[in-house]
Amino acid sequence: MEPVLQVRGLHAAYRRTKVLDHVTFDVMPGTLTAIIGPNGAGKSTLLKTMLDLHPRLGGEVRFFGTAYRNAKLKVGYVPQRGSVDWDFPTDALDVVLMGLYGRIGWFRRPGRRHRELALEALDKMGMADFAKRQISELSGGQQQRVFLARALVQDADLYLLDEPLAGVDAATERAIMEMLRTLRAAGKTVMVVHHDLQTVEDDFDHVLMLNRTVIAHGPTTEIFTQDTIARTYGGWLRRKERVTG
Amino acid sequence: MMGLSHNALWVLASMLMLGTAAGLAGCFAYWKRQSLMSDALAHAALPGVVIGFAILGFKSLPVMLLGAAASALLGAWAVTAIRAHSRVKEDTAMGIILSVFFGLGIMLLTMVNRMPGGGQSGLDGFIFGQAAAMVRQDMRTMTAVAAVVLLVVLISFKEWKLYLFDPAFARGIGLSGRLMEAAYLTLLVVIIVIGIQAVGVILMAALLIIPAVSARYWTNAFGTMLALSALFGGGAGVAGTYVSTLGDGWPTGPFIVIAAAGIFLLSLVFGTRKGLFVKAMQRRAQMRRLKPQAVRRDPLAEGEALP
Numbered sequence: 001m002e003p004v005l006q007v008r009g010l011h012a013a014y015r016r017t018k019v020l021d022h023v024t025f026d027v028m029p030g031t032l033t034a035i036i037g038p039n040g041a042g043k044s045t046l047l048k049t050m051l052d053l054h055p056r057l058g059g060e061v062r063f064f065g066t067a068y069r070n071a072k073l074k075v076g077y078v079p080q081r082g083s084v085d086w087d088f089p090t091d092a093l094d095v096v097l098m099g100l101y102g103r104i105g106w107f108r109r110p111g112r113r114h115r116e117l118a119l120e121a122l123d124k125m126g127m128a129d130f131a132k133r134q135i136s137e138l139s140g141g142q143q144q145r146v147f148l149a150r151a152l153v154q155d156a157d158l159y160l161l162d163e164p165l166a167g168v169d170a171a172t173e174r175a176i177m178e179m180l181r182t183l184r185a186a187g188k189t190v191m192v193v194h195h196d197l198q199t200v201e202d203d204f205d206h207v208l209m210l211n212r213t214v215i216a217h218g219p220t221t222e223i224f225t226q227d228t229i230a231r232t233y234g235g236w237l238r239r240k241e242r243v244t245g
Numbered sequence: 001m002m003g004l005s006h007n008a009l010w011v012l013a014s015m016l017m018l019g020t021a022a023g024l025a026g027c028f029a030y031w032k033r034q035s036l037m038s039d040a041l042a043h044a045a046l047p048g049v050v051i052g053f054a055i056l057g058f059k060s061l062p063v064m065l066l067g068a069a070a071s072a073l074l075g076a077w078a079v080t081a082i083r084a085h086s087r088v089k090e091d092t093a094m095g096i097i098l099s100v101f102f103g104l105g106i107m108l109l110t111m112v113n114r115m116p117g118g119g120q121s122g123l124d125g126f127i128f129g130q131a132a133a134m135v136r137q138d139m140r141t142m143t144a145v146a147a148v149v150l151l152v153v154l155i156s157f158k159e160w161k162l163y164l165f166d167p168a169f170a171r172g173i174g175l176s177g178r179l180m181e182a183a184y185l186t187l188l189v190v191i192i193v194i195g196i197q198a199v200g201v202i203l204m205a206a207l208l209i210i211p212a213v214s215a216r217y218w219t220n221a222f223g224t225m226l227a228l229s230a231l232f233g234g235g236a237g238v239a240g241t242y243v244s245t246l247g248d249g250w251p252t253g254p255f256i257v258i259a260a261a262g263i264f265l266l267s268l269v270f271g272t273r274k275g276l277f278v279k280a281m282q283r284r285a286q287m288r289r290l291k292p293q294a295v296r297r298d299p300l301a302e303g304e305a306l307p
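So the protein sequences, as listed, match chains A and B.
Reminder that position 174 of the first sequence reads as 174 in UniProt numbering, one-by-one numbering, no gaps.
Reminder that position 249 of the second sequence reads as 249 in UniProt numbering, one-by-one numbering, no gaps.
The following block contains the structure:
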């Protein structure tokens with residue numbers, strides 16, 4: 001089986017600070033991977049750099065064996081919720097429709113069929129009743145679900161999600177994890193920037209442990225160990241131990 | 001508007017077109033959080049106008065406007081460069097560019113005015129605007145620009161919405177951020193350049209900023225916001241110009257700004273979305289609904305009273 005994503009020797013920086021240092025890994029189809037690491041480890045930057053949203057200083061990234069620009073419609077990206085202004089005057093359905101813009105074609109108007117698809121996606125996220133609701137009036141969890149509905153409607157083969165579970169309520173977390181498992185069952189590949197170490201073992205079959213470079217990557221059961229966690233979180237955890245112990 | 005000369009009607013029609021175009025483009029600047037950018041661009045246009053005049057030695061509007069566009073774009077480039085290569089934030093960079101370019105423009109203007117024949121250049125009109133000096137050709141230009149802006153909005157409405165709401169996602173699904181940015185800047189510069197002779201470099205930004213924020217008070221849909229902003233911009237343009245034609249040599253810019261400010265005040269107070277009056281009414285209605293419950297006390301049952 002061919003990997004859906006190949007990353008080789010990826011380098012990236014913010015001004016003069018190196019954030020990604022020779023990041024190399026492969027992702028196989030049908031996997032659900034958590035990307036974990038301490039703050040500033042370069043998790044979000046990794047996604048952005050792979051998607052050409054952040055300048056790449058070196059290295060190569062292949063989606064489905066080709067450059068990102070040739071595979072755009074096969075890749076669904078869910079940015080952090082805080083990256084947009086939720087005061088923008090529009091409703092939930094309209095945001096979900098944006099996921100279809102690539103397929104609708106530029107300079108064309110969405111039709112009834114597109115609206116139905118968007119509504120379906122909202123329904124899958126338990127948000128059908130909020131279709132006509134102003135996005136500014138939604139709770140944080142509901143906004144996150146709208147973002148995920150927008151990703152669903154893209155019908156991509158590989159999904160990259162940046163902290164979809166950050167600061168959401170329990171109901172939203174369940175809805176999101178359910179959606180990710182459904183996607184995996186349908187043969188899609190999912191990578192999630194994740195924070196909660198407690199749930200990694202239960203929810204994700206693969207884990208990518210990142211701290212500027214890949215510390216460990218593989219099936220959760222094999223590589224998610226005390227040792228790799230300590231190496232990923234390094235001084236940060238040790239400091240914490242000193243404080244608490 | 002009886003008793004207005006033909007020329008005055010051309011002027012009014014021109015300002016209607018200019019206001020409409022500025023109202024539309026102003027919404028883009030509003031959601032890019034770059035209202036100040038339009039102000040920086042307008043101020044940055046002044047040195048170009050003066051240099052255009054100085055090079056030719058006589059007044060040629062096309063050359064002066066070309067100069068205006070060139071120096072406005074240079075200003076925009078400088079803002080981007082300062083932000084990208086230093087720790088200076090965007091608003092600070094715009095503040096610097098705005099005042100430096102305007103200062104340079106005034107300095108050059110003073111020098112040119114002292115040149116032989118410079119006094120008749122009419123360059124002073126570019127500071128506060130002199131709509132009365134406009135001719136039929138100006139109306140044609142402004143109508144053409146307004147038509148182009150309207151066309152751009154109608155054709156690529158959904159692209160603008162996506163780009164303004166979530167630029168990262170837009171790029172992710174293949175909408176070129178560079179193309180949108182270039183289109184946005186071009187629209188803004190063209191409107192500013194054709195607008196400065198009428199409204200002036202100092203107050204041009206008001207036509208781009210005020211209609212958009214006023215429109216925000218009336219709607220929760222981006223399309224309606226664009227339409228209202230165009231209407232408010234056109235209305236302010238016409239009202240301000242009309243008043244300024246009543247006096248001899250009254251500058252247009254200030255009157256348009258006051259008209260726009262009037263629309264803003266009305267919107268702020270009476271706007272149906274978060275307008276102050278509506279909010280106060282809603283609060284009162286809510287209080288009235290809650291009050292009976294708040295004051296109702298269940299009578300205590302026998303033996304329930306505290307000793």
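Heads up, the beta-carbon is just placed ideally off N, CA and C, and yes, glycines get one too.
All values derive from a computational prediction rather than experimental measurement.
Residue i in three-state terms, based on DSSP
i	result
A/Lys18	strand
A/His217	strand
B/Asp39	helix
A/His11	strand
A/Gly40	coil
A/Tyr159	strand
B/Asp124	coil
B/Asp138	helix
A/Val27	strand
Alpha-carbon to alpha-carbon, residue j and residue i
i	j	result
B/Glu159	A/Val168	29 Å
A/His194	A/Lys124	22 Å
B/Gly233	B/Gly275	19 Å
A/Gly40	A/Val19	8 Å
A/Gly140	B/Ala230	33 Å
B/Lys59	B/Val49	10 Å
B/Leu109	B/Pro47	8 Å
B/Gly103	A/Leu138	47 Å
B/Glu304	A/Leu148	54 Å
B/Thr20	B/Ser14	10 Å
B/Gly26	A/His54	28 Å
B/Arg289	B/Gln282	11 Å
B/Lys112	B/Ala54	Per the sequence shown, residue 112 of chain B should be read as Val rather than Lys. Near 7 Å, if we compare the C-alpha coordinates of B/Ala54 and B/Val112.
B/Asn7	A/Ala156	59 Å
residue 246 of chain A	B/Trp250	Since the first residue of chain A shown is 1 and the last is 245, residue 246 of chain A is not available in this structure.
A/Arg239	A/Gly37	Here A/Arg239 scores only 45 on pLDDT, less than 50, and its place in the model should not be relied on; the value that follows carries that caveat. Straight-line Cα distance between these residues: approximately 16 Å.
A/Met191	A/Leu180	9 Å
B/Ser99	B/Lys89	16 Å
Per-residue contacts from residue i into chain A (C-beta, under 8 Å)
i	result
B/Leu162	Met98, Tyr101
B/Glu159	Tyr101, Trp106, Phe107
B/Phe165	Val84, Asp85, Phe88, Thr90, Val95, Met98
Beta-carbon spacing of residue i, residue j below 8 Å
i	j	result
B/Gly75	B/Ala40	yes
B/Ala212	B/Gly129	no
B/Ile191	B/Val257	no
B/Leu18	B/Val149	no
A/Val146	A/Val96	yes
A/Lys43	A/Leu210	yes
B/Gly235	B/Ile263	yes
A/Val153	A/Ala128	no
A/Val200	A/Ala34	yes
A/Asp85	A/Lys132	no
A/Val78	A/Asp203	no
residue 309 of chain B	B/Ser156	What the structure shows of chain B is the stretch from 1 to 307, and residue 309 of chain B is not part of that stretch, so it cannot be assessed.
A/Val27	A/Leu5	yes
A/Leu158	A/Phe25	no
Within chain A, partners of residue i - CB distance below 7 Å
i	result
B/Ala168	Leu53, Pro79, Ser83
B/Thr219	Pro89
B/Phe101	Ordered by position in chain A, no residue passes the 7 Å Cβ test against B/Phe101, which lies about 28 Å from the chain.
B/Ser156	Phe107
Proximal residues of chain A, C-beta to C-beta of residue i below 9 Å
i	result
B/Met225	Pro89
B/Gly23	Within 9 Å Cβ-Cβ: nothing; B/Gly23 doesn't reach chain A, min ~15 Å.
Within chain B, the residues that residue i reaches when beta carbons sit closer than 7 Å
i	result
A/Phe63	What A/Phe63 touches in chain B: nothing, since even the nearest Cβ is about 12 Å away.
The ligand GDP heavy atom lying under 7 Å from the CB of residue i
i	result
A/Gly105	This structure lacks the ligand GDP; in fact it carries no ligand of any kind.
Where residue i meets chain B, residues with beta-carbon distance less than 8 Å
i	result
A/Gln134	Asn220
A/Phe25	Going along chain B, no residue has its Cβ under 8 Å from A/Phe25, so there is no contact; the nearest lies around 21 Å.
A/Lys72	Gly172, Ile173, Gly174
Please go through the stretch 61–135 of chain A and give each complete alpha helix (DSSP H) segment of 4 or more residues, from N-terminal end onward.
Qualifying alpha helix (DSSP H) stretches, in chain order: 68–71, 92–98, 101–104, 112–124.
Taking the runs of the beta strand (DSSP E) that are 3 residues or longer, which of them lie wholly in the stretch 175–218 of chain A?
If you keep only unbroken beta strand (DSSP E) runs of at least 3 residues inside the stretch 175–218 of chain A, you get 189–193, 206–211.
Report the residue ranges of all alpha helix (DSSP H) runs contained in full by the stretch 162–204 of chain B; include only those spanning at least 4 residues, in chain order.
167–172, 177–199
In the stretch 227–271 of chain B, which residue ranges form an unbroken alpha helix (DSSP H) of at least 4 residues, counting only runs that do not cross its ends?
Counting whole runs of 4 or more residues, the stretch 227–271 of chain B contains the alpha helix (DSSP H) stretches 252–270.
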